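Residue numbers for the sequence shown follow the working numbering, beginning at 5 and rising by one.
Just below is one structure, and these are the notes that go with it.
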Amino acid sequence: MTITITAFENSPDRGRGLARDMRVRWALEEVGQPYEVRLVSFDALKAPAHLSIHPFGQIPTYEEGGLALFESGAIVLHIAERHPGLLPEGADARARAIMWMFSALSTVEPPIVENAMAFLFERDEPWYAERQPLLDKRVRTRLDELSRRLGDGEWLDGAFSAGDLMMVTVLRRLERSSLLQQFPNLVAYIARGEARPAYKRAFADQLAVFTHASAG
Ligand code: GTB
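Shown next, in the form of structure tokens:
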């Protein structure tokens, strides 16, 4: 059955692989599942056809036969549960890998996104200068806690899992931030994720979309 995901026709990240289709592409590459990509414009995201799949009018979505999913976490978990390679065999280790997926999405990602959104949309507001140190602090606290837990480990819990895939994609949003540089083990952790062949294939494919869009 063909797998089709959606991605931005013209991603505002200009090919940096920061939009959330990247984690789905990476997961599919890790498990060796071929997939097709339907590119969606910003207008099409809010049109009835896309809203019938994604009620919030966003990317990514995932379609396979009669199944249609939205939410990158649910999609990556679905892929990891159906195909070997992203979740450990043992039930306890599997539960912990899923725990790290949730942790990436619900504990680490929110302060990072909040900080990025404030910079993008609120930096001209008079109160931004006062608020910004607090936003940085919230991110730094999470990075500090995560860095302590990772220590000198290669991955978060034994072998590479969907938990690492999710955490690396979340942390990549900080790639240009000085906050991340204060935690060399997290910088090295991200680099290990990015060095995986499956990551490289996924990154190249999303970059090709941007290159093609900007040439056309
Ligand atoms: N919780 C959902 C999930 O995990 O799937 C969030 C999905 C989401 O935020 N999708 C964004 C979207 O479709 C794209 S990834 N936005 C359009 C809209 O809401 O109208 C977020 C994103 C966008 C751009 C950058 N960037 O330019 O760096 C990074 C991340």
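No residue lacks a Cβ here, since even glycine has one placed at the ideal position from N, Cα and C.
Since this is a predicted model, take the numbers as computed values, not measurements.
What is the residue span of the beta strand (DSSP E) that Thr65 lies within? Position 61 of the sequence shown, counting from 1, holds the residue named residue 65. Unbroken beta strand (DSSP E) run through Thr65: Thr65 to Glu68.
Any residue whose CB is nearer than 5 Å to a heavy atom belonging to the ligand GTB, listed in chain order: Pro16, Asp17, Leu22, Ala23, Arg24, Gln62, Ile63, Glu75 and Ser76
CB-CB under 8 Å to Ala206, same chain, minus the five flanking residues each way: which ones, in chain order? Here the question's residue 206 lines up with position 202 in the sequence shown. Result list for Ala206: Gly21, Met26, Arg29, Trp30, Leu32 and Glu33, in chain order.
Just mark Met171 as buried or exposed, buried being the case when its beta carbon has 16 or more other beta carbons within 10 Å. Locating residue 171 in the sequence shown gives position 167, counting from the first residue. Buried is the call here.
Check for me: the alpha helix (DSSP H) holding Leu73 runs from which residue to which? As a working mapping, residue 73 is identified with position 69 in the sequence shown. Not the alpha helix (DSSP H): Leu73 falls in the beta strand (DSSP E), residues Leu71 to Phe74.
On a CA-only basis, which of Gly19, Arg144, Ala163 and Ala192 is nearest Ala97? Give me that one, please. Reading the sequence shown from its first residue, position 93 is the one you call residue 97. Nearest option by C-alpha distance: Ala163.
If you run the structure through DSSP and keep just helix, strand and coil, what is Arg42? Your numbering for residue 42 matches position 38 in the sequence shown. Here Arg42 sits in strand by DSSP.
Mark Gly94 as exposed unless 16 or more other C-beta atoms lie within 10 angstroms of its C-beta, in which case mark it buried. As a working mapping, residue 94 is identified with position 90 in the sequence shown. Looking at its Cβ environment, which holds fewer than 16 other Cβ atoms inside 10 Å, Gly94 is exposed.
Taking DSSP's pairing of strands, which residues face Ile194 in a bridge? Sequence index remark: in the sequence shown, residue 194 carries index 190 (1-based). Looking at the DSSP assignment, Ile194 forms no beta bridge with any residue, so it has no partner.
Within the stretch 106-146, ranges of the alpha helix (DSSP H) (whole runs, at least 4 residues): 113-126
Host beta strand (DSSP E) of Ala51 (start-end): Within the sequence shown, the letter at position 47 stands for residue 51. Element bounds for Ala51: n/a, residue is neither H nor E.
Contact the stretch 186-201 vs the stretch 37-44: 3+ CB pairs below 8 Å: no
According to DSSP, simplified to helix, strand and coil, what is Ala219? Locating residue 219 in the sequence shown gives position 215, where the first residue counts as 1. Correct three-state label for Ala219: helix.
Quick check: what's the CA-CA separation for Ala51 versus Glu13? Residue 51 sits at position 47 when you count from the first residue of the sequence shown. Residue 13 sits at position 9 when you count from the first residue of the sequence shown. Near 15 Å, if we compare the C-alpha coordinates of Glu13 and Ala51.
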